[in-house]
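Mapping of the sequence shown onto the numbering used here: residues 26 to 301, in sequence order.
Presented below is the structure to which this report refers.
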Amino acid sequence: MSRANHMTVIPFGGLGNRLRVLNSAFFLSRDIGADVELVWFVKPELNSELGDMFAATGFEYFPMSRWKRALLKPFLKHIYIQKYESTYRRFLRLFYDQVYFDNDLTVRSPSQLRAEIAQHGRVLIATCYQFYDFENFDNLVVQPQLRQRIDALTARFDRNTVGVHIRRTDHTALIKASPVELFTDRMKQLEGEDPDVKFFLATDDASLKTALREQFGQRLITQDIPLSRATAEGMQGAVVDIYALSQTKKIICTTRSSFAQMAALIGAEKEIIEVC
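Put into structure tokens, the structure is as follows:
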């Protein structure tokens with residue numbers, strides 16, 4: 026059997042989406058003996074380079090050259106690929122032996138995908154979905170300055186601290202399916218069961234932080250910085266939130282969010298309290 030020797034990987038979406046694509050590629054490359062070329066676009070939905078957030082990934086890869094990435098950035102947009110998939114596929118097959126987009130990956134099992142890709146020398150994968158199995162995100166190492174912030178924040182935690190993740194500002198379907206009351210009802214329930222309970226709130230909505238602080242008072246722990254995807258500061262704050270969530274033993278969330286999924290897969294096993 027011939028082996029794939031080169032996979033070009035383009036992760037789309039926000040931080041959780043991109044990192045599950047990245048880990049899928051890393052663990053697949055390990056199993057088939059391929060190298061990984063990473064195309065990491067800095068865009069409004071994630072305005073930060075990978076290296077500004079993570080000091081190491083635990084796997085070897087090489088970034089696409091800056092000039093080539095700059096040429097591709099206006100052209101390779103997720104929304105365009107979804108709309109004109111066949112056109113993109115025909116063009117990209119001029120440069121790659123096989124091309125995989127969202128629809129290709131969702132209909133293939135990891136074993137099917139592994140067998141297929143192992144037959145090709147040059148493969149392009151452009152998606153926002155996990156496409157290969159991995160156990161956790163423990164291979165990722167955050168930058169030291171972010172680790173300091175995580176440690177300072179979680180020093181306020183104790184064994185009674187419960188994580189809460191509520192995404193609000195940019196995911197209309199998720200907001201509609203999971204109103205805030207679903208989260209606060211679970212928080213009140215835990216408050217009634219445990220008089221010492223605390224909550225760490227991770228959210229991208231500043232007004233929600235204020236409202237829940239008024240409701241839960243000193244029980245509520247949160248970061249007091251904007252968490253906009255459109256700024257490098259906001260993305261670094263998002264990394265701090267994910268890793269702080271990962272150090273709680275319970276997380277109230279919807280697992281439809283890749284942010285919460287990632288937090289659940291860092292460190293020790295956690296109880297997930299699903300709201301919808």
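Ideal placement from N, C-alpha and C gives every residue a C-beta, glycine not left out.
query: Among Glu218, Asp219 and Ile191, whose alpha-carbon lies nearest the alpha-carbon of Glu206?; result: Ile191
query: With a threshold of 7 Å on Cβ separation, who are the neighbours of Leu71 within its own chain once the five nearest residues in sequence on each side are excluded?; result: Gly39, Leu40, Arg43, Arg254 and Met260
query: Between the stretch 124 to 135 and the stretch 154 to 174, do three or more beta carbon pairs fall short of 8 Å?; result: yes
query: Should Leu226 go down as buried or exposed, given a rule of 16 or more other Cβ atoms within 10 Å for buried?; result: buried
query: How many Å lie between Ile291 and Arg139 at the Cα?; result: 25 Å
query: What ranges does the alpha helix (DSSP H) occupy inside the stretch 74 to 112, keeping only unbroken runs of at least 4 residues that lie completely in it?; result: 75 to 78, 91 to 97 and 103 to 108
query: Per DSSP, which residues does Met32 bridge with? Please list them.; result: Val61 and Val148
query: Drop a sphere of 10 angstroms on the beta-carbon of Cys278, count the other beta-carbons inside from all chains shown, and report buried for 16 or more, exposed for fewer.; result: buried
query: Could you tell me if Gln173 is buried or exposed, where buried requires 16 or more neighbouring beta carbons within 10 angstroms of its beta carbon?; result: exposed
query: Enumerate in chain order the residues of its own chain whose CB-to-CB distance from Val166 is below 8 Å, with the five nearest sequence positions on each side excluded.; result: Phe79, Ala80, Ala81, Thr82 and Gly83
query: Please classify Lys295 as buried or exposed, where buried requires at least 16 neighbouring CB atoms within 10 angstroms.; result: buried
query: Are the beta-carbon atoms belonging to Leu47 and Pro36 less than 8 Å from one another?; result: yes
query: List in chain order: all unbroken alpha helix (DSSP H) runs of 4+ residues lying wholly within the stretch 215 to 268.; result: 231 to 241
query: Suppose the cutoff is 8 Å on Cβ atoms and the five residues either side in sequence are ignored; what does the same chain contact list for Thr235 look like?; result: none
query: Which residues mark the beginning and the end of the alpha helix (DSSP H) in which Glu313 is found?; result: Given that the chain is displayed from residue 26 to residue 301, the structure contains no residue 313 and the question cannot be resolved.
query: What did DSSP end up calling Lys213 once you bin it into helix, strand or coil?; result: helix
query: What did DSSP end up calling Ile291 once you bin it into helix, strand or coil?; result: coil
query: Check Glu299 in the structure and name its three-state DSSP category.; result: strand
query: Per DSSP, which one or two residues make a beta bridge with Val166?; result: Ala81
query: Can you tell me where the alpha helix (DSSP H) with Thr131 in it begins and where it stops?; result: Asp127 to Thr131
query: Return yes when the Cβ of Thr186 is within less than 8 Å of the Cβ of Thr273, no when it is not.; result: yes
query: Is the beta carbon of Glu74 closer than 8 Å to that of Val64?; result: no
query: Quick one: what's Val187 bridged to in DSSP?; result: Phe224
query: Would you list the one or two residues that DSSP bridges to Cys153?; result: Cys153 pairs with nothing; no bridge assigned.
query: Could you work out which residue in Leu117, Ile142, Ser282 and Ile276 is closest to His31 when comparing CA atoms only?; result: Ile142
query: Measure the C-alpha to C-alpha separation of Asn164 and Phe87 and round it to an integer number of angstroms.; result: 17 Å
query: According to DSSP, which residues form a beta bridge with Val124?; result: Leu149
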